[in-house]
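Okay, structure first, notes after.
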Amino acid sequence: MELSLFLVFGLVAVVSAVVVVVQRNPIYSALALIGTLFCVAGLFVLLRAEFVAAIQVIVYAGAIMVLFLFVIMLLDLRREEGRRFAPGRAQLVCGVAGAGVLLLLLVVLAGNATIAPARGSLTPETLSRLGNTQVIGALLFTDYLFPFEVTSVVLLVAIVGAIVLARRERG
Amino acid sequence: MLTAAGLAIMLAKILVVFGAMMLAVAYMTWLERKIIGDMQMRLGPMRVGPHGLLQPIADGIKLFFKEDIIPTNADRVLYVLAPTFSMVPALIAFAVVPFGDEVRLFGQVVPLRITDINVGILYVLAVASMGVYGIVLAGWSSNNKYSLLGALRSSAQMISYELSMGLSIIPVIMLASSLSLVDIVNAQARVWFLVPALPSFLVFFICAVAETNRAPFDLPEAETELVAGFHTEYSSMKFAMFFMAEYANMITASAIATTLFLGGWRGPLLPPVVWFLLKVFAVLFVFIWLRATLPRFRYDQLMRFGWKVLLPVALGAIALTAVGLVLLG
Chain A
25 MELSLFLVFG
35 LVAVVSAVVV
45 VVQRNPIYSA
55 LALIGTLFCV
65 AGLFVLLRAE
75 FVAAIQVIVY
85 AGAIMVLFLF
95 VIMLLDLRRE
105 EGRRFAPGRA
115 QLVCGVAGAG
125 VLLLLLVVLA
135 GNATIAPARG
145 SLTPETLSRL
155 GNTQVIGALL
165 FTDYLFPFEV
175 TSVVLLVAIV
185 GAIVLARRER
195 G
Chain B
289 MLTAAGLAIM
299 LAKILVVFGA
309 MMLAVAYMTW
319 LERKIIGDMQ
329 MRLGPMRVGP
339 HGLLQPIADG
349 IKLFFKEDII
359 PTNADRVLYV
369 LAPTFSMVPA
379 LIAFAVVPFG
389 DEVRLFGQVV
399 PLRITDINVG
409 ILYVLAVASM
419 GVYGIVLAGW
429 SSNNKYSLLG
439 ALRSSAQMIS
449 YELSMGLSII
459 PVIMLASSLS
469 LVDIVNAQAR
479 VWFLVPALPS
489 FLVFFICAVA
499 ETNRAPFDLP
509 EAETELVAGF
519 HTEYSSMKFA
529 MFFMAEYANM
539 ITASAIATTL
549 FLGGWRGPLL
559 PPVVWFLLKV
569 FAVLFVFIWL
579 RATLPRFRYD
589 QLMRFGWKVL
599 LPVALGAIAL
609 TAVGLVLLG
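Line by line, the protein sequences are chains A and B. Numbered per our numbering, the first sequence spans residues 25 to 195. Numbered per our numbering, the second sequence spans residues 289 to 617.
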């Protein structure tokens, strides 16, 4: 049951990720990305991380992708559909180099890594006893407090930056 | 693990809830016309059946036989899928709402809820945030400027109010110290969360009205400026599905408000399910009452209200609840 669900979620996630890149219509690309994010949320549920799964759907599949769609619709990118994509020499070189590095990494990883990492203290049993939301909350406010708070400052800087940029354009 | 009997009970519950939901959606349209009629000193539907009781059935048959139009320049795939995208989230959000205590049926203990997941309330928020895609895609795929404007308004509105809605739920989670809707109802055995979290309830309800695109927040389909907004091009059953989704969303939102703030199915004397239905109906009545009473917001008023009034109130309520919890233990 768990394995078949994993295969379904994994397969759909990968296929829709490919569609995101291959699809010419930006709206369909965005929708495929939503599909990928959804399947990743499904994988989180299989890992007994229901909280992360719910947040993944609310934040990424919900809020952020709606904004993506919003922008795509406002720009009306449908004209892009007809354009042929002709990669230049530099793009070709970069693409081949990137693919090469990825392939190398995959070979190295597949060569000397076990797929399942060492078993930590958070087994499914302890998680269901403590509650995965409580575990994440405790970790965020103890061990990872500093990165957590720094992230919020970074986000604030980004928001202020966006406002400053938008203001300057008008004045 | 699931036994055969457990599976049968589960399926039966899903069917009953689904059927009740569909029936409630159909009769909400009748009820709304009747109540608004009363408020405006009219009779409302009277012709089909006694007091117009068969009106929803007549409307359903009419909608089935209307011509189904797909505009030539529409994006056919998304145009056909969009009504489903808005209908499905409206229905599946109800899966975690507990509508009664456990009952004994045919020698089995049957909890009166479809399921209880430990992040129940986040599940509801996640599903609710999916609902906007139906509207956005309908507006875009119709290839009509009124539809697109309606869709853009709707997405901006839903993102803005989703935030305050999420924040207004936090005091409830703090009081119940759980995300499961069953635990939240159980935590209200002594006093409804409406009492300690009144400001949050008000914020939650206002956001629920905005999220369901109901008057006075019905800008996505403002007929005086946008023809019919995102569903301008839709006809026949596809239009009906948007309509049903709106009412199903209203019912789900009322059920969530009941569960979070009004003690869920808890109440004296009457059976739990009756209490649950009574409370949901009371919230639904307020939805209809608002529509009959308030004029539509202007777009800038809507945004200013959402960001400059609701958001600070919701944040303040969280701080107050935290202080209260520490002081009173």
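Every residue gets a Cβ at the ideal spot worked out from N, C-alpha and C, and that includes glycine. Just so you know, these numbers come straight off a predicted model, no measurement behind them.
Beta bridge counterpart(s) of residue i as assigned by DSSP
{"i": "Glu450 (chain B)", "result": "DSSP lists no partner for Glu450 (chain B)."}
{"i": "Pro399 (chain B)", "result": "B:Glu390"}
Nearest-angstrom Cα separation, counted from residue j out to residue i
{"i": "Ala162 (chain A)", "j": "Glu499 (chain B)", "result": "32 Å"}
{"i": "Tyr587 (chain B)", "j": "Thr520 (chain B)", "result": "19 Å"}
{"i": "Leu331 (chain B)", "j": "Leu341 (chain B)", "result": "13 Å"}
{"i": "Leu463 (chain B)", "j": "Leu582 (chain B)", "result": "33 Å"}
{"i": "Thr609 (chain B)", "j": "Pro459 (chain B)", "result": "6 Å"}
{"i": "Ile58 (chain A)", "j": "Ala41 (chain A)", "result": "9 Å"}
{"i": "Ile358 (chain B)", "j": "Gly66 (chain A)", "result": "34 Å"}
{"i": "Leu71 (chain A)", "j": "Ile494 (chain B)", "result": "36 Å"}
{"i": "Ser542 (chain B)", "j": "Val568 (chain B)", "result": "5 Å"}
{"i": "Asn431 (chain B)", "j": "Leu615 (chain B)", "result": "57 Å"}
{"i": "Val178 (chain A)", "j": "Phe170 (chain A)", "result": "12 Å"}
{"i": "Ala182 (chain A)", "j": "Leu189 (chain A)", "result": "10 Å"}
{"i": "Lys596 (chain B)", "j": "Ala444 (chain B)", "result": "15 Å"}
{"i": "Val125 (chain A)", "j": "Val132 (chain A)", "result": "10 Å"}
{"i": "Asp326 (chain B)", "j": "Asp506 (chain B)", "result": "22 Å"}
{"i": "Ile447 (chain B)", "j": "Ala87 (chain A)", "result": "6 Å"}
{"i": "Glu390 (chain B)", "j": "Val398 (chain B)", "result": "5 Å"}
{"i": "Met309 (chain B)", "j": "Leu299 (chain B)", "result": "15 Å"}
{"i": "Gly594 (chain B)", "j": "Arg113 (chain A)", "result": "50 Å"}
{"i": "Val601 (chain B)", "j": "Pro556 (chain B)", "result": "33 Å"}
{"i": "Val38 (chain A)", "j": "Thr60 (chain A)", "result": "7 Å"}
{"i": "Ala314 (chain B)", "j": "Phe165 (chain A)", "result": "48 Å"}
{"i": "Ser435 (chain B)", "j": "Met591 (chain B)", "result": "20 Å"}
{"i": "Phe585 (chain B)", "j": "Met418 (chain B)", "result": "24 Å"}
Beta carbon proximity, residue i to chain B, threshold 7 Å
{"i": "Ile82 (chain A)", "result": "yes"}
{"i": "Leu93 (chain A)", "result": "yes"}
{"i": "Gly185 (chain A)", "result": "no"}
{"i": "Gly124 (chain A)", "result": "no"}
{"i": "Gly161 (chain A)", "result": "no"}
{"i": "Ala190 (chain A)", "result": "no"}
{"i": "Ala87 (chain A)", "result": "yes"}
{"i": "Val38 (chain A)", "result": "no"}
{"i": "Thr157 (chain A)", "result": "yes"}
Interface flag, residue i vs chain A, CB-CB below 7 Å
{"i": "Val313 (chain B)", "result": "no"}
{"i": "Ala533 (chain B)", "result": "no"}
{"i": "Val305 (chain B)", "result": "no"}
{"i": "Tyr587 (chain B)", "result": "no"}
{"i": "Val398 (chain B)", "result": "no"}
{"i": "Val562 (chain B)", "result": "no"}
{"i": "Met289 (chain B)", "result": "Interpretation of Met289 (chain B) is limited by its pLDDT of 49, a score under 50 that renders its predicted location unreliable; no figure is taken from the coordinates."}
{"i": "Val424 (chain B)", "result": "yes"}
{"i": "Trp553 (chain B)", "result": "no"}
{"i": "Trp428 (chain B)", "result": "yes"}
{"i": "Leu598 (chain B)", "result": "no"}
{"i": "Ala607 (chain B)", "result": "no"}
{"i": "Leu410 (chain B)", "result": "yes"}
{"i": "Val574 (chain B)", "result": "no"}
{"i": "Leu613 (chain B)", "result": "no"}
{"i": "Ser417 (chain B)", "result": "yes"}
Of the residues the options, the one placed nearest residue i, counting alpha carbons only
{"i": "Ser152 (chain A)", "options": "A:Arg48, A:Ile96, A:Phe75", "result": "A:Phe75"}
{"i": "Asp356 (chain B)", "options": "B:Val368, B:Pro338, B:Ile345", "result": "B:Val368"}
{"i": "Met525 (chain B)", "options": "B:Asp363, B:Ala370, B:Ser466", "result": "B:Ala370"}
{"i": "Val69 (chain A)", "options": "B:Ile405, B:Ile323, B:Ala541", "result": "B:Ile405"}
{"i": "Cys63 (chain A)", "options": "A:Ala110, A:Phe33, A:Val184, A:Val188", "result": "A:Phe33"}
{"i": "Lys433 (chain B)", "options": "B:Val515, B:Met298, B:Pro386, B:Met453", "result": "B:Val515"}
{"i": "Val265 (chain B)", "options": "B:Pro556, B:Phe573, B:Ala300", "result": "This structure does not reach residue 265 (chain B), given that chain B is present from 289 up to 617, and the question cannot be answered."}
{"i": "Arg441 (chain B)", "options": "B:Val313, B:Phe373, B:Glu513", "result": "B:Glu513"}
{"i": "Ala296 (chain B)", "options": "B:Asp347, B:Glu509, B:Tyr449, B:Ile402", "result": "B:Ile402"}
{"i": "Gly408 (chain B)", "options": "B:Phe352, B:Ser468, B:Phe353", "result": "B:Ser468"}
{"i": "Ala503 (chain B)", "options": "B:Met538, B:Ser374, B:Met298", "result": "B:Met538"}
{"i": "Met97 (chain A)", "options": "A:Tyr84, A:Tyr52, A:Val46", "result": "A:Tyr52"}
{"i": "Val36 (chain A)", "options": "A:Pro148, A:Ala56, A:Met25", "result": "A:Ala56"}
{"i": "Asn49 (chain A)", "options": "B:Val365, B:Val336, B:Phe353, B:Lys322", "result": "B:Val365"}
{"i": "Pro386 (chain B)", "options": "B:Ile606, B:Phe564, B:Trp577", "result": "B:Phe564"}
{"i": "Lys350 (chain B)", "options": "B:Arg335, B:Ala536, B:Ala545, B:Ala528", "result": "B:Ala528"}
{"i": "Ser488 (chain B)", "options": "B:Ala607, B:Lys322, B:Tyr535, B:Ile576", "result": "B:Ala607"}
Is it the case that the stretch 470-482 of chain B contacts the stretch 546-560 of chain B, given that we only count it when at least three CB pairs across the two stretches are under 8 Å?
yes
Within the chosen definition, does the stretch 88-95 of chain A reach the stretch 420-427 of chain B through at least 3 CB pairs nearer than 8 Å?
yes
If we count Cβ pairs, one from each stretch, closer than 8 Å, do we get three or more for the stretch 297-314 of chain B versus the stretch 377-388 of chain B?
yes
The stretch 407-414 of chain B touching the stretch 76-89 of chain A, judged by at least three CB pairs closer than 8 Å
yes
Spell out a yes or no on whether the stretch 110-123 of chain A and the stretch 465-480 of chain B are touching, meaning 3 or more CB-CB pairs, one atom from each, closer than 8 Å.
no
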